[in-house]
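See below for the structure under consideration.
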């Protein structure tokens, strides 16, 4: 087995992640928190991007939207990443060679690159953007790339559950537990 | 119970990509609707977007909340139809549907009225905003718990 495989097995096999994976309630609660922070934090990113594109929240300045949502995006981001690490760690032995998981992590790295590239010209430069007669192309580019990255991360996150290894069939979202007996039609 | 179509040939069940694809639309659109509602709620709680009043934020975000809700309900309906009985007999799903109906009703009556009023940041306004956040988050939880119950 590869070093990545050894490491992933070791992580998932630690008593902490084993307990989380095999727990009844904590695992779905962590997953729900992950999804709830997407609802709020993801929603704020979406609205910020739409503001930078000039399609939403036009009564507010870009400065207001970017600055006043920053704290909440950070809080949401921390909760989301924490829950994501817990979820990923608990199943790292099956995730590490899942192509959708690998793409998701790569896109998350690109989010960091995006932040570094556009920080000075867009996110720390909102007053100039508000003074400009039209929203500069660089701000729109940042918004479009942000949308693509986050929608990609969300989609790949969902697709992780649908990866079928050779010889493994079925609808993964339905096989995590036995289907309940339905009353006779 | 009679289902007027062939579930096995329903698109979400007969190919590999349309179920997760619809889920992604569902998730991004609840992010948009709940995210915009949360902007109003956080403002009513006095912890975000303080340069605007709750009423201004509601007017600016209202259309996006509505568009998000329409798409989230439509995509949810499409997902439900992939296995209607299984959803119907699931308590988490039943809670979700009832809470969703209440949340939408609440959002366009009490919540809207208070957010647009001068007392949107009073203690009462904060309670209205807290209830709104809790209600919407509980719907997200119920949607996920469906898969675990």
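Chains as they are written, first to last, in my numbering: chain E, -8 to 176; chain P, 8 to 156. Ideal Cβ positions, reconstructed from N, Cα and C, are used throughout, including at glycine.
Asked: Contact set between the segment 25 to 42 of chain P and chain E, restricted to residues whose Cβ is under 9 Å from the partner; Found: 26, 27, 28, 30, 31, 34, 35, 37, 38, 39, 40, 41, 42
Asked: DSSP three-state assignment for residue 61 of chain P, whether helix, strand or coil; Found: helix
Asked: Short CB-CB distance (under 8 Å) between residue -7 of chain E and chain P; Found: no
Asked: Other residues of its chain near residue 71 of chain E: CB distance less than 7 Å, five sequence neighbours each side excluded; Found: 25, 28, 29, 32
Asked: Below-8 Å beta-carbon distance, residue 71 of chain E vs any chain P residue; Found: no
Asked: Contact set for residue -5 of chain E: own chain, Cβ-Cβ below 6 Å, skip 5 residues either direction; Found: 87
Asked: Partner residues on chain E for residue 147 of chain P, Cβ-Cβ distance less than 7 Å; Found: 23, 26, 27, 30
Asked: Cβ distance (whole Å) where residue 147 of chain P is taken to contact residue 9 of chain P below 8 Å; Found: No, residue 147 of chain P and residue 9 of chain P are not in contact; Cβ-Cβ is about 32 Å, not under 8 Å.
Asked: Residues of its chain near residue 144 of chain P, where Cβ-Cβ distance is below 6 Å and the 5 sequence neighbours each way are ignored; Found: none
Asked: Any chain P beta carbon closer than 8 Å to residue 146 of chain E; Found: yes
Asked: Partner residues on chain P for residue 50 of chain E, Cβ-Cβ distance less than 7 Å; Found: 63, 67
Asked: Close-in-space but distant-in-sequence residues of the same chain around residue 36 of chain E (CB under 8 Å, 5 per side omitted); Found: 64, 137, 141
Asked: Residue range of the unbroken alpha helix (DSSP H) whose run includes residue 80 of chain E; Found: 53 to 81
Asked: Interface flag, residue 155 of chain P vs chain E, CB-CB below 8 Å; Found: yes
Asked: Neighbourhood of residue 102 of chain E by C-beta distance below 6 Å, restricted to the same chain and skipping five residues each side; Found: 140
Asked: Short Cβ contact (8 Å threshold) for residue 4 of chain P with residue 51 of chain P; Found: Given a span of 8 to 156 for chain P in the structure shown, any question on residue 4 of chain P remains unanswerable.
Asked: Selection from E:128, E:115, E:121 that minimises the alpha carbon distance to residue 53 of chain E; Found: E:121
Asked: Classification of residue 56 of chain E by the beta-carbon crowding that lies within 10 angstroms, buried from 16 upward; Found: buried
Asked: Residue burial classification, residue 155 of chain E (beta-carbon count within 10 angstroms, cutoff 16); Found: exposed
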